[in-house]
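In this note's numbering, each residue carries its 1-based index in the sequence shown increased by 67.
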Amino acid sequence: MDDFKFIHLLYVPTLACNMACKYCYLEDNTQELKTDKKYAETLKYAIKKFNDSKVYPFNISLHGGEVTCLSHEDFESIIKIISDYYKKNSTLITSHGFKIGSPHIKTNLYAIDKHIDTIQKYNVSMSGSLDLPLSLHDEYRVTKGNKKTLDKIINNIKLFNGLSNKRKVSATIFKEHYEKIDEIINDIKWLNENTTLDMNDFNFMIGFDYNSNGILHHLTEKEQVDFFKRMHKEFDNTELDAGVNGAWFNEFGPDYCTNCTNCGDKFFLLEKNGDIYSCVRGQKNKDFFYGNIYDNTVEEILAKAQEQIFKAHNRVGFNSACAKCPYLYICKTGCPFVKNVYKSNKSYTCKLQQELYKSRNYEKDANPEESAYYYLLDMHPELASKYVPKQELDIPSLEEIIKEDNKLEYIYSDKVFILNVDGYEYNLSSQVLKSIRDIVYISKDSSIKLYIKNDAFEKECDYPQNNSLYMMLLSGDLIKYGDEGRTKQRHVMTHQIYEGVIKKNKSDKKGYYVVDISDVLKLYLYDLDKNNPNNLFFTTSALRDYHYTKQKNNAYYHIQAINLPFQNIEFYILEEE
68 MDDFKFIHLL YVPTLACNMA CKYCYLEDNT QELKTDKKYA ETLKYAIKKF
118 NDSKVYPFNI SLHGGEVTCL SHEDFESIIK IISDYYKKNS TLITSHGFKI
168 GSPHIKTNLY AIDKHIDTIQ KYNVSMSGSL DLPLSLHDEY RVTKGNKKTL
218 DKIINNIKLF NGLSNKRKVS ATIFKEHYEK IDEIINDIKW LNENTTLDMN
268 DFNFMIGFDY NSNGILHHLT EKEQVDFFKR MHKEFDNTEL DAGVNGAWFN
318 EFGPDYCTNC TNCGDKFFLL EKNGDIYSCV RGQKNKDFFY GNIYDNTVEE
368 ILAKAQEQIF KAHNRVGFNS ACAKCPYLYI CKTGCPFVKN VYKSNKSYTC
418 KLQQELYKSR NYEKDANPEE SAYYYLLDMH PELASKYVPK QELDIPSLEE
468 IIKEDNKLEY IYSDKVFILN VDGYEYNLSS QVLKSIRDIV YISKDSSIKL
518 YIKNDAFEKE CDYPQNNSLY MMLLSGDLIK YGDEGRTKQR HVMTHQIYEG
568 VIKKNKSDKK GYYVVDISDV LKLYLYDLDK NNPNNLFFTT SALRDYHYTK
618 QKNNAYYHIQ AINLPFQNIE FYILEEE
């Protein structure tokens, strides 16, 4: 069995753009970067570096900025690289189940005329952008000199007459467009009848409020569904039936990036300077930055990609309604970028997607709870134990298992460990039972004391003098561990202090020992994540051993306590100003 990996690669040879759309997601970034890297050089370098690590793009598309701003020579040189790559690797790519297409560009169509000969020579496929209704196009999509663009774009579309190249257009729908839905319908018919565009091969996208400067506004979920139903009412059983039941809304189906559990496993956007981001949505956003092809190894970039997407999903959490949804196996909770824009834990097109799945007769998941559980193991592992599917075997809950075992009760008790940070006390409890998170802030000057119930060292231990306080420190950054490849917080430190040492300390809290752990933590502060919460766990070595013995002997316990169950606190690092 081979170990090839296949990815979708977007290449941005230039950030320059000849238009100044009033809701451009790149805003002021549509300017050519000052770099000594030539337009074709970075793509050639990246392809070779990926291939040397057995990573092969199955699709390479050009994005921007606007790729048609390139000179004729530079544009053709990049198209030739992609064409030659497909020819060279056709057998490898197709043998792994991927289709070989032709070079593809995403374009605003405004300057496509100067590259028609290259497009024809290399059979370049095109995806263009229009505003529908056309009456709004010149209001929002203008040149940098604030000139209208629609007439020239329509004339450029006419240049496709006689070409066999695949070409399509797409339109993003905001509330302002939706309010002119009758015009949209008429313009679709007009484009289909008066241009060589096949409007069965067309895409709708649903806009979201990001860098739109308050000019455009998103549709409500009800409006999205109403829009979908209106298109079907108008175009079902017409010559555009294949479009409305296919390509028009395919972005919301299982064939697009939102069907990935972790899209950082497959989708990458490369800029000319070597920077790599998630996609056009995450472009220029630090939370969706994966590294630089010149500065980082392929392995580092791939690991960072999965880590960033994992973090993005976890910043907004998981919606409990998704655990019962029979379409979670298709949706995977939606785009992590848009979820973070809206601070939402589900897809911003949730209702529209459900309507699409039903209308296209996608099979409902017969066991949605099971699918949700396995999804959570991958993307929200700390929540998975709360969603263990109920089966006919009547698996006891974690709480029931703990109640039947007084030794486990001590492992999960919130009375055993009390953490004092700069005078504030926190009763520590197990992360797998918490309904809310305690998060504190720690600096190099913080005073950190731990109170330990004075019978803790005697629990599940015949010889307390051999027992110890067991501390585990985890960083907020994520890596993959073990043969199962689970993504988890990076382990930084394990530290033990034996019972005999702790008992010598004079405690100011009745019934508890005390130990100052300030200096222990300060040894590792600069090895921790500065942007995400880090994690500190406490138990005793004897209780830790009992936990793992219980996992080995009780499968029901194992599956629900797969993550560290010990009492914990999460904390941010306060850096010096």
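We put the beta carbon where it would ideally sit given N, CA and C, even for glycine. Given the structure is predicted, the values throughout are model-derived calculations rather than measurements.
- Residue state for leucine 536 is assigned as strand, using DSSP reduced to three classes.
- For a cut-off of 8 Å, the C-beta gap from asparagine 521 to cysteine 528 is around 14 Å, too long to register as a contact.
- Judged by DSSP secondary structure, histidine 139 falls within the alpha helix (DSSP H) whose first and last residues are 139–162.
- The shortest C-alpha to C-alpha distance from histidine 562 to any of Leu603, Ser144, Arg427 and Lys154 is the one to Leu603.
- Annotation for aspartate 303: Val311 and Asn312 place their beta carbon closer than 8 Å to its own, counting only its chain and skipping 5 residues before and after.
- Rounded to whole angstroms, the separation of the alpha carbons of isoleucine 485 and arginine 504 is 15 Å.
- Nearest in C-alpha terms to cysteine 324, of all of Ser169, Leu137 and Thr400, is Thr400.
- When the alpha-carbon of aspartate 70 is set against those of Gly543, Trp257, Met560 and Leu159, the nearest one is in Leu159.
- Comparing alpha-carbon positions, the option among Ile469, Lys555, Leu197 and Cys84 lying closest to methionine 266 turns out to be Leu197.
- Per DSSP, the unbroken alpha helix (DSSP H) holding leucine 419 starts and ends at 417–426.
- Under the three-state reduction of DSSP output, leucine 631 falls in the coil class, being neither helix nor strand.
- Across the set Tyr92, Lys256, Asp184 and Tyr153, the C-alpha of Tyr92 shows the shortest separation from the C-alpha of tyrosine 207.
- In this structure, DSSP gives glycine 401 a state outside helix and strand, which the three-state scheme calls coil.
- In its chain, beyond the 5 residues on either side, Ile273, Thr416, Lys418 and Leu419 have a beta carbon closer than 8 Å to the beta carbon of glutamine 291.
- Look at phenylalanine 355 here: in three-state DSSP terms it is helix.
- If you draw a straight line from the Cα of lysine 154 to the Cα of glutamate 366, it comes to about 26 Å.
- Of all alpha-carbon atoms in Ile145, Asn126, Ile564 and Lys470, the one lying nearest the alpha-carbon of histidine 182 is that of Ile145.
- Between phenylalanine 404 and leucine 76 a beta carbon distance of about 18 Å is seen, past the 8 Å cut, so the two are scored as non-contacting.
- Between glutamine 634 and serine 497, the beta carbon gap of about 6 Å places them in contact (Cβ cut-off 8 Å).
- Judged by DSSP secondary structure, valine 292 falls within the alpha helix (DSSP H) whose first and last residues are 288–302.
- Under the DSSP assignment, methionine 446 falls in the alpha helix (DSSP H) whose first and last residues are 435–446.
- Lysine 371 is a Cβ neighbour of tyrosine 357, given a cutoff of 8 Å.
- For serine 120, no beta strand (DSSP E) segment is defined, and its DSSP state is neither H nor E.
- Per the Cβ contact rule, the stretch 125–144 is in contact with the stretch 102–112 (3 or more Cβ pairs under 8 Å).
- Remark: C-beta atoms of glutamate 436 and alanine 390 approach each other more closely than 8 Å.
- The DSSP-derived three-state label of histidine 130 is coil.
- Counting C-beta pairs closer than 8 Å gives three or more between the stretch 574–591 and the stretch 507–526, which meets the contact rule.
- A distance of 8 Å or more separates the beta carbons of asparagine 598 and glutamate 449.
- Judged by beta-carbon spacing, isoleucine 626 lies within the 8 Å limit of valine 455, meaning their Cβ atoms are closer than that value.
- The beta carbon of threonine 161 is closer than 8 Å to those of Ile167 in its chain, skipping five residues each way along the sequence.
- The bridge partners DSSP lists for methionine 193 are Ile172 and Arg234.
- With the rule of 3 Cβ pairs closer than 8 Å, the stretch 336–348 does not count as touching the stretch 293–300.
- Boundaries of the alpha helix (DSSP H) harbouring tyrosine 477: 473–479, taken from the DSSP string.
- Judged by pairs of C-beta atoms under 8 Å, the stretch 244–264 touches the stretch 188–205, as three or more such pairs exist.
- In terms of Cβ geometry, leucine 465 and alanine 628 form a close pair [threshold 8 Å].
- Separation of histidine 380 and glutamate 288 (C-alpha to C-alpha, rounded to the nearest whole angstrom) is 21 Å.
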